[in-house]
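Colleague: The structure that follows is given in the form of structure tokens.
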Amino acid sequence: MHTTPRRSGAALRLHPLALSLVMAGVLVGCGGGSDGAGGLVSAANQTGTSTTAAAVAAANTGTQVCFYEHVNFTGASMCLTGDTAWVGPGWNDRISSVRVPAGWKAELFADIRYVGKSLTLTADNANLVPAGMNDIISSMRITKPSTAAKVTLASVQFAQSMLYGSSDSQLVLVANKPTLLKVNVTAPAGTVAPTGLVRIDNTVDGTGRDLILAAPRRGLPTAVSDTQSFDDAYSVSIPADLVKNGMKVTVNVAGAAAQSFTPRVGGATPMKFTPIAVRIAGTTGQLPVDQTGHLRALFPVSTVTPQSHPVFVSSKVTTLPTTDAQWSDAFGKILGELNDLHRIEGAARHDYYFGFIPKRTWGLAGLGYVPGNSAVGFDMPSNPDTVRDVVAHELGHNFSLPHAACGGAGSPDPKYPYPDANLGKPGRYIWSYLSDTNAFYDPRPTDRHDIMSYCGGVVFSDYNYRIMQTFLTPTDAVKAQAAEAKAVAQDVLLVSGSINGRQVEINPVKALFAKPDVASGPYVLRVQTTAGQIQDVAFTAQSLDHDGDNLHFSVLVPKVDNIGSISVLKDGVTLAQAQAKVTNARAKSLAAGGTRAQVTVKEASGKATLRWDADASPFLSVTWTDGTRRLNLAQDLQGGEATLDTHELPAGGRFEFIVSDGLNAQRVETAR
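Shown next, in the form of structure tokens:
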């Protein structure tokens, strides 16, 4: 390097192509450089180091770019951390070597304001002579190393119906059900969301799959919000087939340490939902739009499969009610009919029947068993959202839930943990996740209540959700299945009715082919033949959700003939007894099983006309079957002749007729 040392006050030597002598004089008088607003500022006024010792220290720490007057980093020095549009009179055309720390970049220009011949350095240069830049540098741009934003994987949440944190003790996933994974990542403001990947492994069967995380809609937050949203969080839906025992979830977001989670996975309960239009005196209940997606979103079941069903004509309610008392009585009677329908059709434990009654007035909206498989509600076509919520409320009862105390709901759960049937309280707010709309539901407003209250709720609290899930636990299912396995399908009698205090009503007995019920409960059903033989079967009556004094029962007992009486007892006390009313020889022969019942049927144009001996068997029930499915068309028809609508039935199959004198029943079949 060939330089001519000069004092700091030496005359300015400008590049001949950059400025005229007049402009040079102006710059000297004004001081030069750039203030970022179009003016020039000397490098001496910028942040930097001007001593060799300080330059060495700065270079060693890698916090500045340092410039030297001689080659090999010797002589006077100047260190900078930012751009300068002019190095000032003391350093103009004076630089011969440059130290550039790792990650930094220096762009050197022969003229002021970043023009003229240039050289870009990303590492030290001990001699600028070969590059043709020795002693001609007048301005430079300094680029600091890009500081990688600190990306933090703050938390992970899982949701099927309730959005639980990964460490929440109440988190139990329903197996074989899609699961939302919500990943909360934080970073400094302005950080671009990095890519994210989830690995699902199974420690039991060794399977695995990678899933791509959807990035936050509006970028990364600086802190995790208490408000749940897809705007500021990563998310992905874990397919149902991956949600099973042994599931391990590993979350990888670029720039953050990977984390693994092993949420507890419980049992899988598939559900069938059968909406049934109920007809009263020619007026038919209107079915709502398909609700299975919403039910799957609310309930701890793996799937919800819809089942169609023909219109059900009530034989107990034959005129359309006009008063609240009449409607209350009608709802109870029709619920009992649907319960018998469930038994007659051989529906499974998790097949749920819901009858839509043609009621279009406010007041009583629904009724269901606690627990059970059947419920009813008004159809109210003008308020479909209300109908949807009534269905969920009544099915909540079927899933064992009592009421939540708000709005005068009867017999509320005394252990419900949140005041006024709210969805949470400070310190415990679990958001609902509605998979049918892919939306979260905020539990914090105090005007939002559990759907099991009478205060207009639309979702379950985490408390009630967990109760339903416990009700459906695999342990319970195993016990029930073990008990059922001991029973063998055989000819049985369906004995059903209602209990109100000491008043008992027994429906006409029906003959079926099914497994008898396992005896259990405080009540006893006593079947006594005319010869004096006694068969006692213990049973548990079914509670109705808001009619505490009224209970229903439905019991399958091994079939016997010549029944003389049926009694209902509790604590050894007979509450009621029904006596056989055999009026003629034909009836006696049928009761004894010595004669087969005769039912004639003529079917044409979607109508079936039936005739039977009403003197011997006053009651007739009709079921269609194809060997795989059963559809009951009518219960307890009377009068010896009836016409049924058959246009909704599948083609083929056969009719099963149940004739009954009240206590004795026979089952006969005929092809269509």
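If you count the sequence shown from 1, you need to add 672 to reach the working numbering.
Ideal Cβ positions, reconstructed from N, Cα and C, are used throughout, including at glycine.
#1: My parser needs the beta strand (DSSP E) runs of 3 or more residues fully inside the region 981-1053; what are they?
#2: Reducing DSSP to helix, strand and coil, say where residue 742 ends up.
#3: Would you give the residue range spanned by the alpha helix (DSSP H) that residue 1058 belongs to?
#4: In this structure, what does DSSP give as the bridge partners for residue 1105?
#5: Does residue 1288 pass the burial test, meaning 16 or more other C-beta atoms within 10 Å, or should it be called exposed?
#6: To test your reading of the DSSP string, which unbroken alpha helix (DSSP H) runs of 4 or more residues are found completely within the region 1217-1301?
#7: Please report the distance separating the alpha-carbon of residue 1246 from that of residue 994.
#8: Could you tell me which of 1129, 1223, 1268 sits nearest to residue 1001, measuring between CA atoms?
#9: In three-state DSSP terms, what is residue 1092?
#10: Cutting at 8 Å between CB atoms, please list the residues of its own chain near residue 1137, excluding the five before and the five after it.
#11: Exposed or buried, what is residue 1279 when buried is set at 16 or more other beta-carbons lying within 10 Å of its beta-carbon?
#12: Do residue 636 and residue 908 have their C-beta atoms within less than 9 Å of each other?
#13: DSSP state of residue 933, grouped into three classes?
#14: Answer yes if the region 1159-1167 comes into contact with the region 1181-1189, meaning at least three C-beta pairs across the two stretches below 8 Å, and no otherwise.
#15: Hey, is the region 1024-1042 in contact with the region 938-947, meaning 3+ C-beta pairs nearer than 8 Å?
#16: Residue 1170: buried (16+ other C-beta within 10 angstroms of its C-beta) or exposed?
#17: According to DSSP, which residues form a beta bridge with residue 834?
#18: Roughly how far, in whole angstroms, is the beta-carbon of residue 813 from the beta-carbon of residue 755, given that I think they are within contact range, below 8 Å?
#19: In the DSSP assignment, the alpha helix (DSSP H) including residue 1137 goes from what residue to what residue?
#20: DSSP state of residue 969, grouped into three classes?
#21: Leaving out the 5 sequence neighbours to the left and right, which residues in its chain are closer than 6 Å to residue 1248 when beta-carbon positions are compared?
#22: Could you compute how far the alpha carbon of residue 898 sits from the alpha carbon of residue 1115?
#23: Distance, Cα to Cα, residue 884 vs residue 892?
#24: In chain order, which beta strand (DSSP E) runs of at least 3 residues are fully inside the region 833-886?
#25: So, does the region 796-807 touch the region 760-769, judging by three or more C-beta pairs under 8 Å?
#26: Give the straight-line distance between the Cα atoms of residue 1063 and residue 1048, rounded to the nearest whole angstrom.
#27: Let me make sure I understand the geometry here. Which of 1032, 1007, 1082, 964 has the alpha-carbon closest to that of residue 955?
#28: With which residues is residue 756 paired in a DSSP beta bridge?
#29: Buried or exposed: where does residue 682 fall if 16 or more other Cβ atoms within 10 Å of its Cβ makes it buried?
#30: Span of the beta strand (DSSP E) holding residue 1165?
#31: Roughly how many angstroms separate the alpha carbons of residue 1306 and residue 986, rounded to a whole number?
#32: The beta strand (DSSP E) that contains residue 1098, what's its start and end?
#33: Count Cβ pairs between the region 1122-1138 and the region 1068-1078 that sit closer than 8 Å; are there 3 or more?
#34: DSSP puts residue 777 in a beta bridge; with which residues?
#35: Rounding to the nearest angstrom, what Cα-Cα distance links residue 861 and residue 900 in this structure?
#36: Suppose you measure from the CA of residue 855 to the CA of residue 828; what does that come to, to the nearest Å?
Modeller: In terms of the structure at hand:
#1: Segments of the beta strand (DSSP E) lying fully in the region 981-1053: 1023-1029, 1038-1040, 1046-1050.
#2: DSSP places residue 742 in the strand class (E or B) of the three-state scheme.
#3: Per DSSP, the continuous alpha helix (DSSP H) segment holding residue 1058 begins and ends at 1056-1070.
#4: For residue 1105, which the question treats as bridged, DSSP gives the partners 1112.
#5: Here residue 1288 is buried: its Cβ has 16 or more other Cβ atoms, across all protein chains shown, within 10 Å.
#6: Within the region 1217-1301, the runs of alpha helix (DSSP H) at least 4 residues long that lie entirely inside it are, in chain order, 1257-1264.
#7: Distance between the alpha carbons of residue 1246 and residue 994: 36 Å.
#8: It is 1223 whose Cα lies nearest to the Cα of residue 1001.
#9: Helix at residue 1092.
#10: Cβ neighbours of residue 1137 beyond the five flanking positions: 833, 834, 972.
#11: So residue 1279 ends up on the exposed side.
#12: Coverage of the chain is limited to positions 673 through 1344, which leaves residue 636 absent and any answer about it impossible.
#13: Strand at residue 933.
#14: A contact exists between the region 1181-1189 and the region 1159-1167.
#15: The count of Cβ pairs closer than 8 Å, one atom from the region 1024-1042 and one from the region 938-947, reaches three, so the stretches are in contact.
#16: Counting of Cβ neighbours within 10 angstroms places residue 1170 among the buried residues, the total reaching 16 or more.
#17: According to DSSP, which records beta bridges pairwise, residue 834 is partnered with 1104.
#18: The beta-carbon distance between residue 813 and residue 755, rounded to whole angstroms, is 5 Å. This is short enough to meet the 8 Å contact definition.
#19: 1134-1143 is the extent of the alpha helix (DSSP H) around residue 1137.
#20: Residue 969 falls in the helix class under three-state DSSP.
#21: The residues are 1176, 1240.
#22: Each residue's Cα considered, the two are about 11 Å apart.
#23: The straight-line gap from Cα to Cα measures roughly 17 Å.
#24: For the region 833-886, whole beta strand (DSSP E) runs of length 3 or above, ordered along the chain, are 835-837, 851-858, 868-874, 880-884.
#25: Between the region 796-807 and the region 760-769 there are three or more C-beta pairs closer than 8 Å, enough to call the two in contact.
#26: Distance between the alpha carbons of residue 1063 and residue 1048 is about 8 Å.
#27: Residue 955 has its Cα closest to that of 1032, out of 1032, 1007, 1082, 964.
#28: BP columns for residue 756 point to 812.
#29: In this predicted model, residue 682 has a pLDDT of only 36, less than 50, meaning its place in the structure is not dependable; the value taken from the coordinates is given anyway. That one is exposed.
#30: Start and end: 1162-1172.
#31: Rounded to whole angstroms, the gap between the alpha carbons of residue 1306 and residue 986 is 8 Å.
#32: For residue 1098, there is no enclosing beta strand (DSSP E), since its DSSP letter is neither H nor E.
#33: The region 1122-1138 is in contact with the region 1068-1078.
#34: According to DSSP, which records beta bridges pairwise, residue 777 is partnered with 815.
#35: Rounded to the nearest angstrom, the gap between the Cα atoms of residue 861 and residue 900 is 19 Å.
#36: CA-CA distance, residue 855 to residue 828, rounds to 5 Å.
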